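A.B. asks: Quick one: this structure, given as structure tokens, is what I'll be asking you about.
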Amino acid sequence: MALVKPKKKKKKKKKKEKKKKEEEEGRRRKKKKKQKEEEEEEEGRRRRRRRKYIEEEEEEEEAFGRVELMVLNYEEDVAVYTVKASTDPRVANRVIIYRPTRNITSQLDLISLWEKKTGRTLKRSYVPEDEIIKLSE
Numbered sequence: 150m151a152l153v154k155p156k157k158k159k160k161k162k163k164k165k166e167k168k169k170k171e172e173e174e175g176r177r178r179k180k181k182k183k184q185k186e187e188e189e190e191e192e193g194r195r196r197r198r199r200r201k202y203i204e205e206e207e208e209e210e211e212a213f214g215r216v217e218l219m220v221l222n223y224e225e226d227v228a229v230y231t232v233k234a235s236t237d238p239r240v241a242n243r244v245i246i247y248r249p250t251r252n253i254t255s256q257l258d259l260i261s262l263w264e265k266k267t268g269r270t271l272k273r274s275y276v277p278e279d280e281i282i283k284l285s286e
């Protein structure tokens, strides 16, 4: 009979260990759930701020000159290209024409993309190319 008692203690230890693991898992789940709720709340705050910012912006969009095509460049790429050109002796006293093959889109496309994103239509006003040239003179 003395041999039976230690076996019962092992079972109790296993039950205690199992119960501990379950409690730890429960705590982890609660912690993850709380983190997720906090993240969702923060995301909601960000969305409200963005919406408020968009509502404060002007409702009018201007399109300049010929609105068929427009080229978008990453400023740092243009800066690197300019510095390289200015330090290269082969380019001295010459004109450099930079024509990117990608990222060509129209101003009207950009405006319509913005309208789709915000879900609103913007009032468009066009500034003719001649008027822009007159302003630069």
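Numbering (our numbering), first residue to last: 150 to 286. From the three backbone atoms N, C-alpha and C, an ideal C-beta is built for every residue, glycine too. What you are looking at is a predicted structure, and each value in this text was computed from that prediction instead of being measured.
Could you please give me the residues that DSSP links to T231 through a beta bridge?
C.D. replies: The residue given as residue 231 occupies position 82 in the sequence shown. Partner(s): none; T231 has no beta bridge.
A.B. asks: Who are the Cβ neighbours of E264 in its own chain at under 8 Å, not counting the five residues just before and after it?
C.D. replies: Taking the first residue of the sequence shown as 1, we reach residue 264 at position 115. T270 and L271, listed in sequence order.
A.B. asks: Hey, would you say I245 sits closer than 8 Å to A228, going by beta carbons?
C.D. replies: Your numbering for residue 245 matches position 96 in the sequence shown. Your numbering for residue 228 matches position 79 in the sequence shown. Cβ distance not < 8 Å, so I245 and A228 don't count as in contact.
A.B. asks: Since I260 contacts R273 with CB under 8 Å, what's their CB separation in whole angstroms?
C.D. replies: Along the sequence shown, one-based indexing puts residue 260 at 111. Along the sequence shown, one-based indexing puts residue 273 at 124. Sure, about 7 Å apart at Cβ, within 8 Å.
A.B. asks: Would you give the residue range spanned by the alpha helix (DSSP H) that E264 belongs to?
C.D. replies: Mapped onto the sequence shown, residue 264 falls at position 115. Here the alpha helix (DSSP H) through E264 covers Q256 to T267.
A.B. asks: For E224, which residues in the same chain have their Cβ closer than 8 Å to its Cβ, ignoring the five residues on either side in sequence?
C.D. replies: As a first step, residue 224 is located in the sequence shown; it is residue number 75 there, counting from the start. Cβ within range, chain order: n/a, list empty.
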